[in-house]
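In full-length UniProt numbering, the protein residues as written are 1 to 507. Where is the CB? At the ideal position from N, CA and C, for every residue including glycine. For clarity, every value in this text was computed on a predicted model and none was experimentally measured. Reading through the structure tokens given below for one structure.
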Ligand SMILES: O=P(O)(O)OC[C@H]1O[C@H](O)[C@H](O)[C@@H](O)[C@@H]1O
């Protein structure tokens, strides 16, 4: 049963704790820092700075009853994507925990694709190709770009990698002069092979290659990719049972494998598989994804916080907030439940964020003294990959200080200098940032998102909300190209704006 606004006792707990300073919760329960923490593989998670105590937490965990079965259903290939009547078997791309024919068949396809991908990586390595251009958007871009960027220390340097994602061709214009078409491999990543941005950039690059270099595609629409001009033996598969934002673990990670090598790519998958096992086999109270999801429910539905920040204290994780925005907001940005009823409770918070320490010098003022408390996930890395220990100590000191300051606040000498505190946050500390720990971290968020979708009763695996804008853009394209008159546009505001654009372009 999805959540309803009258969950037993939760609001009563929240009211009981409403006036209690977060600092007081620590004083009242000296074991809290230890007991509100969880270690899973390379991740130490700390929930001690959330606005709940043991009794409230116990009540919150009572919501987790449906989750173990729901996880099992997803891993086994149950049709958890109800609106499209499909399973969501991204877990079969990296672990062998799913039972039954569906999961087994998915694993077989995934293994075949991985082996073909490994052969293609080896073939490219022994070629004279120097540059890889990955073209995709959303789930066909953010995962590979995040992995390549955040794991740059593991890049073997065999290829230079580039990413084109936006319809805005400024990126293409800047990139092409740096490349030699004869030594460039273009990788088109598109599950649907119908995405406007990808086809636009792909078309430009295909013309520029003019038969030189190499063209690859990763797609579930193999025929469309071949029709576009990609040789059949250079098309790697995707499947309708993997959502774009859950697809890093598939051949969508081709560019990651080219940058880091297959061994590192397999480590990324192994890290995700470690988290899969943890999530599937741990009881809710010791289950990191469940605890993470319930904490979000507490902050969103019980305390009413409308936004949530992700604050990685490591510049290599610069793209993580963007990646999680798609994962969380595209999966959970829905208010109609799977049975078509309207959700009686709020669902996804606006997720946003940026790396510390730089964001401390931009938006942290509002986090400390703004009118809306913003719950946050602080993400830190214990051991750096560089040889500047003083800098790293500074980063960790700031991470710990900000988490503490937001939670505890401080009485000021004047109202202007008063820090109210009471701003809840969690910490996720990775031992080090490497393929395995990144895989575990991303998989944890995936499972947390799925748990939330079960609790809210929404489908985490469709994204109907993005279609209307695409349709409208498609109908405006001929007008902008001058093939249809502006007058044919129905909406008066769009019509007026098109008039302005036309007039300016004619100047
Ligand atoms: O991989 P593609 O089919 O090109 O899709 C790329 C992206 O575009 C769509 O608009 C969806 O909102 C995303 O979920 C998807 O990842």
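Answer yes or no: the CB of residue 192 versus the heavy atoms of ligand 1, is any distance below 8 Å? Locating residue 192 in the chain shown gives position 192, where the first residue counts as 1. Answer for residue 192: yes, Cβ within range of ligand 1.
Does any heavy atom of ligand 1 sit closer than 8 Å to the C-beta of residue 245? Against the chain shown, residue 245 aligns to sequence position 245. Shortest gap from the CB of residue 245 to any heavy atom of ligand 1: under 8 Å.
query: Buried or exposed: where does residue 98 fall if 16 or more other Cβ atoms within 10 Å of its Cβ makes it buried?
result: Reading the chain shown from its first residue, position 98 is the one you call residue 98. Its Cβ being crowded by 16 or more others within 10 Å, residue 98 is buried.
Notebook entry, point to check: Cβ of residue 334 within 8 Å of any heavy atom in ligand 1?
Noted result: Counting from one through the chain shown, the residue named residue 334 turns up at place 334. No, Cβ of residue 334 sits at least 8 Å from all heavy atoms of ligand 1.
**Q.** Three-state secondary structure assigned by DSSP to residue 241
**A.** Stepping through the chain shown from its first residue, residue 241 is reached at position 241. In the structure shown, residue 241 sits in coil (DSSP, three-state: anything other than H, G, I, E or B).
Fill in: Rounded Cβ spacing between residue 225 and residue 188 (contact assumed at less than 8 Å)
Within the chain shown, residue 225 is the residue found at index 225, counting from 1. Within the chain shown, residue 188 is the residue found at index 188, counting from 1. The distance from the Cβ of residue 225 to that of residue 188 is about 7 Å, consistent with a contact at the 8 Å cut-off.
- Message: So the candidates are 104, 335, 112, 132; which of them puts its Cα closest to the Cα of residue 236?
- Response: Stepping through the chain shown from its first residue, residue 236 is reached at position 236. Cα-wise, what sits closest to residue 236 is 112.
task = Go through the stretch 371 to 413 residue by residue and report every complete run of the beta strand (DSSP E) that reaches 3 residues or more, in order.
result = Taken in chain order, the unbroken stretches of beta strand (DSSP E) that lie wholly in the stretch 371 to 413 and span 3 residues or more are 376 to 383.
Q. Tell me, which residues are paired with residue 131 by DSSP?
A. Against the chain shown, residue 131 aligns to sequence position 131. For residue 131, the beta-bridge partners assigned by DSSP are 160, 184.
*Determine the contact status of residue 427 and residue 399, defining contact as a CB-CB distance below 9 Å.*
If you number the chain shown from 1, residue 427 lands on position 427. If you number the chain shown from 1, residue 399 lands on position 399. Taking 9 Å as the Cβ cut-off, residue 427 and residue 399 qualify as a contacting pair.
Q: Output the distance between the C-alpha atoms of residue 375 and residue 130, rounded to the nearest integer angstrom.
A: Locating residue 375 in the chain shown gives position 375, counting from the first residue. Locating residue 130 in the chain shown gives position 130, counting from the first residue. Approximately 44 Å between the Cα atoms of the pair.
Compute every distance between the C-beta of residue 255 and the non-hydrogen atoms of ligand 1, then say whether any falls below 8 Å. In the chain shown, residue 255 corresponds to position 255, counting from 1. Taking 8 Å as the cut-off, the C-beta of residue 255 does not count as close to any heavy atom of ligand 1.
Note to self: What residue range does the beta strand (DSSP E) around residue 40 cover?
What the structure shows: Within the chain shown, numbered from 1, the residue matching residue 40 stands at position 40. Taken as a continuous stretch (DSSP letters only), the beta strand (DSSP E) holding residue 40 covers 37 to 40.
- [ ] Can you say whether residue 281 is buried or exposed, counting buried as having 16 or more other CB atoms within 10 angstroms of its CB?
- [x] Stepping through the chain shown from its first residue, residue 281 is reached at position 281. Per the 10 Å Cβ criterion, exposed.
- Query: Is the closest heavy atom of ligand 1 to the C-beta of residue 24 under 8 Å?
  - Reply: Taking the chain shown and counting its residues from 1, the one referred to as residue 24 is at position 24. For ligand 1, not one heavy atom lies less than 8 Å from the Cβ of residue 24.
Report task. Starting from the N-terminal side, write out each stretch of the beta strand (DSSP E) that is 3 residues or longer and does not extend beyond the stretch 166 to 233. Result -> Qualifying beta strand (DSSP E) stretches, in chain order: 184 to 189, 214 to 219.
request  = Would you kindly report the start and end of the unbroken alpha helix (DSSP H) that includes residue 123?
outcome  = Within the chain shown, the letter at position 123 stands for residue 123. Per DSSP, residue 123 belongs to the alpha helix (DSSP H) from 100 to 125.
Q) Which residues in the same chain as residue 293 place their Cβ atom closer than 6 Å to its Cβ, once the five residues preceding and following it in sequence are excluded? A) Within the chain shown, numbered from 1, the residue matching residue 293 stands at position 293. Here the set comprises 448, 451, 452.
How far does the alpha helix (DSSP H) with residue 295 in it reach, from first residue to last? Position 295 of the chain shown, counting from 1, holds the residue named residue 295. In the DSSP assignment, residue 295 falls within the alpha helix (DSSP H) that extends over 288 to 297.
Using the C-alpha atoms, what's the distance from residue 66 back to residue 348?
-> As a position in the chain shown, residue 348 is number 348, starting the count at 1. As a position in the chain shown, residue 66 is number 66, starting the count at 1. Cα atoms of residue 348 and residue 66: separation of roughly 19 Å, rounded to the nearest angstrom.
Supposed contact pair residue 315 and residue 355 - C-beta distance, whole angstroms, cut 8 Å: Position 355 of the chain shown holds residue 355. Position 315 of the chain shown holds residue 315. Indeed they touch by this definition, with Cβ atoms about 6 Å apart.
| said: Please determine whether the Cβ atom of residue 173 lies at a distance below 8 Å from any heavy atom of ligand 1. | reply: As a first step, residue 173 is located in the chain shown; it is residue number 173 there, counting from the start. False, no ligand heavy atom lies under 8 Å from that Cβ.
key: Between the CA atoms of residue 479 and residue 489 - distance to the nearest angstrom   = Indexing the chain shown from 1 puts residue 489 at position 489. Indexing the chain shown from 1 puts residue 479 at position 479. A straight-line Cα-Cα distance of about 8 Å links residue 489 and residue 479.
- Query: Apart from the five residues on each side of it in sequence, which residues of its chain come closer than 8 Å, Cβ to Cβ, to residue 522?
  - Reply: Not covered by the structure: residue 522. The range shown for the chain is 1 to 507.
Rounded separation between residue 433 and residue 211 - CA only:
Within the chain shown, the letter at position 433 stands for residue 433. Within the chain shown, the letter at position 211 stands for residue 211. Between residue 433 and residue 211, the C-alpha separation is close to 39 Å.
Contact belief for residue 337 with residue 486 at Cβ below 8 Å, rounded distance in angstroms
As a first step, residue 337 is located in the chain shown; it is residue number 337 there, counting from the start. As a first step, residue 486 is located in the chain shown; it is residue number 486 there, counting from the start. Between residue 486 and residue 337 the Cβ distance is about 41 Å, and since that is not below 8 Å, they are no contact.
Problem set entry | Residue burial classification, residue 20 (beta-carbon count within 10 angstroms, cutoff 16) | By 1-based counting over the chain shown, the position of residue 20 is 20. Exposed, by the Cβ-count rule.
Residue environment, residue 16, which counts as buried when at least 16 other CB atoms sit within 10 Å | To locate residue 16, count along the chain shown from 1; it is residue 16. By the 10 Å Cβ count, residue 16 comes out exposed.
**Asked** What separation, rounded to the nearest whole angstrom, lies between the Cα atoms of residue 272 and residue 193?
**Response** As a working note, residue 272 is residue 272 in the chain shown. As a working note, residue 193 is residue 193 in the chain shown. Each residue's alpha carbon lies about 27 Å from the other.
Residue 249 (DSSP reduced to helix, strand or coil): In the chain shown, counting from the first residue as 1, residue 249 sits at position 249. Here residue 249 sits in coil by DSSP.
* **Closer than 8 Å: residue 83 CB and nearest ligand 1 heavy atom** => For the purposes of this step, residue 83 is taken as the residue at position 83 of the chain shown. Incorrect: residue 83 has no Cβ contact closer than 8 Å to ligand 1.
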